[in-house]
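Sequential numbering of the sequence shown, starting at 804, is according to my numbering.
Idealized CB from N, CA, C, for every residue including glycine.
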Amino acid sequence: MEPTPEWAFDAAEHAAMGEALEEARRASAAGDVPVGAVVLGPDGAVVARSGNRREADQDPTAHAELLALRAASRALGSWRLDGCTLFVTLEPCAMCAAACVHARLDRVIWGAPDPKAGFAGSVGNLLEDPRLGRRVAWRGGLRAPEASALLERFFANLRDRG
């Protein structure tokens with residue numbers, strides 16, 4: 804899987820990923836793995852955002868993507884997120900990729916690839932799996948160096964502590 808070149812993303816996509824990166828920084832400051840997510844509605848406005856909260860909530864499902872999807876559903880009054888786009892700083896895992904399909908997102912745009920657990924192009928691709936009955940368009944690699952650097956710093960700090 805080749806990431807999409809940076810030049811192929813427009814200014815609005817760069818800005819949305821910037822907001823997701825800010826959510827990732829907040830998650831890191833709170834002691835969680837720095838992953839952030841932002842959902843844009845059909846009109847391109849931010850309808851929801853979140854960072855990882857697994858440590859804060861002691862919840863294995865409190866991934867940034869799931870929290871942002873839940874918040875978007877509440878904000879829009881529907882679990883069907885047709886016309887929405889999820890921006891996330893790390894390639895979604897299997898749980899999050901499947902949730903994106905079931906939420907009926909139009910698109911997912913992710914930052915850093917996850918060669919160990921990513922299911923939007925790396926390990927597998929649930930976003931395009933025909934067995935799930937629906938496909939979600941996706942592109943990866945947007946602001947990947949920034950997203951990767953956040954993750955690398957976070958885990959280096961954990962190793963240094965002990």
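For residue i, count the other beta carbons within 10 Å of its own beta carbon; 16 or more makes it buried, fewer makes it exposed. Which is it?
i	result
residue 960	exposed
residue 948	exposed
residue 847	exposed
residue 816	buried
residue 955	exposed
residue 950	buried
residue 834	exposed
residue 880	exposed
residue 882	exposed
Between residue i and residue j, which are expected to be in contact by the criterion C-beta below 8 Å, what is the C-beta distance as a whole number of angstroms?
i	j	result
residue 917	residue 940	Between residue 940 and residue 917 the Cβ distance is about 19 Å, and since that is not below 8 Å, they are no contact.
residue 903	residue 889	6 Å
residue 899	residue 869	6 Å
Would you mind reading off the limits of the beta strand (DSSP E) that contains residue i?
i	result
residue 940	940 to 943
residue 910	910 to 915
How far does the alpha helix (DSSP H) with residue i in it reach, from first residue to last?
i	result
residue 951	947 to 964
residue 904	897 to 905
Ignoring anything shorter than 4 residues or poking outside the region 817 to 887, list the alpha helix (DSSP H) runs there in chain order. Counting whole runs of 4 or more residues, the region 817 to 887 contains the alpha helix (DSSP H) stretches 857 to 860 and 867 to 879.
Using 8 Å as the Cβ pair cut-off and three pairs as the minimum, do the region 873 to 892 and the region 842 to 858 touch? Touching, per the Cβ criterion.
For the region 921 to 941 against the region 817 to 835, do three or more pairs of beta-carbon atoms, one drawn from each stretch, fall closer than 8 Å, so that the two count as touching? Counting Cβ pairs under 8 Å, fewer than three are found: no touch.
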